[in-house]
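Structure, as structure tokens:
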Amino acid sequence: MRIGIAADANQQTTSIINQKLANFAPKPFIDVMVKHDVLPVIIPILPAQLAAQSVAGLDGLIMPGGYDIAADFLGEEPHAGIGSTYRPRDESEFALLKAALDTQIPVLGVCRGIQVINAVMGGTVYQDLPSEYPGKGLLQHSQKSLGDLPVHHVEIDQDSALGKTLGGECLVNSRHHQAVRNVAPGLRVVAKAPDGVIEAVENDDSSIQAVQWHPENLWQNDPAQERIFTDFFKRVQKRRK
């Protein structure tokens, strides 16, 4: 089974020329895939015209976390509070996801991934969650504690695929600045934080599923979070048959 994972780019200052904007996939994703005999295929940041070739031969696709999405990819002007963006990755991932949807391979989104999926499918995204969110009592969604420590609960629809994986509630980590605002047609909300922020979405057959937290940093110590990946792998395997 071959599952693609969209690459991030190293934007840290470095004097090592081969590390400048080097493409990479977070190791915890690779580790959970290898543990379950899934071949990871890291898809570098590429021009949009190569998207169809990039997904050819893949059985599934993972869209991981990263920087904010640039405002023009959301059909908007930049909010004063938008964070760091990297347009080449936006261009690459938007095209990559569209190609994956065209081929109907299962997709799993994580953090930024839920926002990319929602935007590509016609939903909207908060560019700056702290200032744009209309609700009161907003939680700290960009945690100051270590990123592999859970910090807040999410309430889950138990009738959803995610609910069958995790139950009605779980404790998650939280490292995001943007978030889903209006859910795209074809997706439904299946989990929320106590403040009402959307934490997970799925389509009707759960071939598209996305969470706002980072299970790749929790699965090593939390079997429930590992099941997010293993249940995704099962959906991929079922679609292959």
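The sequence shown runs 3 to 243 under this note's numbering. Every residue gets a Cβ at the ideal spot worked out from N, C-alpha and C, and that includes glycine.
Other residues of its chain near residue i: CB distance less than 6 Å, five sequence neighbours each side excluded
i	result
Glu-93	Ala-50
Gly-85	Asp-70, His-179
Residue i to residue j span [Cα, whole Å]
i	j	result
Asp-10	Asp-70	12 Å
Gly-139	Lys-194	14 Å
Ile-19	Ala-73	30 Å
Gly-125	Asn-223	33 Å
Ser-133	Ser-162	30 Å
Cys-172	Ile-158	8 Å
Leu-164	Asn-184	20 Å
Sheet register partners of residue i (DSSP bridge)
i	result
Ser-144	Arg-177
Leu-41	Arg-4
His-154	Val-174
Met-65	Gly-111
Lys-194	Glu-157, Ile-200
Residues near residue i by beta carbon distance below 7 Å, same chain, minus five either side
i	result
Gln-180	Asp-70, Ile-71, Gln-117, Val-127, Tyr-128, Gln-129, Leu-131
Thr-105	Val-57
Glu-201	Val-156, Ala-193, Lys-194, Ala-195, Val-213, Gln-214, Trp-215
Under 9 Å between C-beta atoms of residue i and residue j
i	j	result
Gly-62	Val-238	yes
Ile-107	Ser-209	yes
Gly-67	Pro-42	no
Val-40	Arg-4	yes
Cβ-Cβ separation, residue j to residue i (assumed contact under 8 Å), whole Å
i	j	result
Met-65	Ala-8	5 Å
Val-153	Ser-144	At roughly 10 Å, the Cβ-Cβ gap does not stay under 8 Å, so Val-153 and Ser-144 are not in contact.
Val-34	Glu-204	Incorrect: roughly 20 Å between the Cβ atoms, too far for contact.
Chain E contact for residue i (CB, 9 Å cutoff)
i	result
Ala-97	No chain E appears in this structure, which consists of one protein chain only.
Own chain partners of residue i with C-beta closer than 8 Å, once the 5 adjacent residues on each side are dropped
i	result
Phe-26	Ala-9, Asp-10, Ala-11, Asn-12, Ile-44
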